[in-house]
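I have placed the structure first, in the form of structure tokens, so that the comments after it can refer back to it.
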Amino acid sequence: AQSVTQPDIHITVSEGASLELRCNYSYGATPYLFWYVQSPGQGLQLLLKYFSGDTLVQGIKGFEAEFKRSQSSFNLRKPSVHWSDAAEYFCAVGLKTSYDKVIFGPGTSLSVIP
Amino acid sequence: NAGVTQTPKFRILKIGQSMTLQCAQDMNHNYMYWYRQDPGMGLKLIYYSVGAGITDKGEVPNGYNVSRSTTEDFPLRLELAAPSQTSVYFCASSNDVLNTGELFFGEGSRLTVL
Numbered sequence: 002a003q004s005v006t007q008p009d010i011h012i013t014v015s016e017g018a019s020l021e022l023r024c025n026y027s028y029g030a031t032p033y034l035f036w037y038v039q040s041p042g043q044g045l046q047l048l049l050k051y052f053s054g055d056t057l058v059q060g061i062k063g064f065e066a067e068f069k070r071s072q073s074s075f076n077l078r079k080p081s082v083h084w085s086d087a088a089e090y091f092c093a094v095g096l097k098t099s100y101d102k103v104i105f106g107p108g109t110s111l112s113v114i115p
Numbered sequence: 281n282a283g284v285t286q287t288p289k290f291r292i293l294k295i296g297q298s299m300t301l302q303c304a305q306d307m308n309h310n311y312m313y314w315y316r317q318d319p320g321m322g323l324k325l326i327y328y329s330v331g332a333g334i335t336d337k338g339e340v341p342n343g344y345n346v347s348r349s350t351t352e353d354f355p356l357r358l359e360l361a362a363p364s365q366t367s368v369y370f371c372a373s374s375n376d377v378l379n380t381g382e383l384f385f386g387e388g389s390r391l392t393v394l
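Sequence lines, in order, name chains U and G. Numbering (our numbering) for the first sequence: 2 to 115. Numbering (our numbering) for the second sequence: 281 to 394.
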């Protein structure tokens, strides 16, 4: 069955430090991949997406992610974290079955130390 | 521009009661989705719809029902509420999510079943 895993439940980084959030997926074909962010009490906002082509994709708020087919991974990175980046981050896979649907991973909670 | 509107934002139910969570979008999107979010579990897809009159089950449909009589509205019905249905529910919409990559989310409805 298709699945999305995010090995880190919670990560704490210092402001200004670099960040990498891990995501692995299980899916037979090349998937559609997304990263979403959820600020406290809010809905989800799309950070970036990968469909095909260049495996390094740029998103909003200075985030980027790299698709590695050999590792079935789509890790999210940011060179320098800001306090406002504290939020819940979700990796997701888009599935092209009878109808299009998006399956989410369990999420990684990011805390930022001033 | 309202986007995706969910009502109510908060609700407390007693075991065995029924209720409907309302979702409306004004973006003329064909696809609409209902997710539930539980701590450490990410978002689980309950039901989705690809257009008026067409719905399908997601990952966790038991205990829920949906209908889609218009493009704009996608209500979620809970029959015989159970404590396991205590969760935050998110409605989302999209037009061709696997090409655009973006789900538009409502602000969520927090349901407690006691």
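A virtual CB, placed ideally from N, CA and C, is assigned to each residue, including glycine.
In this structure, Y37/U is the residue among E16/U, A87/U, Y37/U with its C-alpha nearest to the C-alpha of F105/U. Note that the stretch 375 to 388 of chain G touches the stretch 44 to 61 of chain U; at least 3 beta-carbon pairs, one per stretch, sit closer than 8 Å. When CB distances to chain G are screened at a threshold of 9 Å, the residues of the stretch 50 to 78 of chain U falling below it are K50, Y51, F52, in chain order. If you look at G296/G, you'll find it isn't in any beta strand (DSSP E); DSSP assigns it neither H nor E. Identification of chain G residues near L48/U by a Cβ-Cβ cut-off of 7 Å yields none; the smallest Cβ-Cβ distance measures about 10 Å. If only complete runs of 3 or more residues are kept, the stretch 298 to 359 of chain G shows the beta strand (DSSP E) at 299 to 305, 311 to 318, 322 to 331, 334 to 337, 344 to 346, 356 to 358, in order along the chain. Given a length threshold of 4 residues, the stretch 37 to 61 of chain U has no whole run of the alpha helix (DSSP H) inside it.
When 9 Å is used as the limit between beta carbons, I10/U is near these residues of chain G: G320, in chain order. In this structure, T366/G is the residue among N375/G, C371/G, T366/G with its C-alpha nearest to the C-alpha of I292/G. Proximity of chain G to G44/U at the Cβ level (cut-off 7 Å) is accounted for by F370, F385, G386, E387, G388, in chain order.
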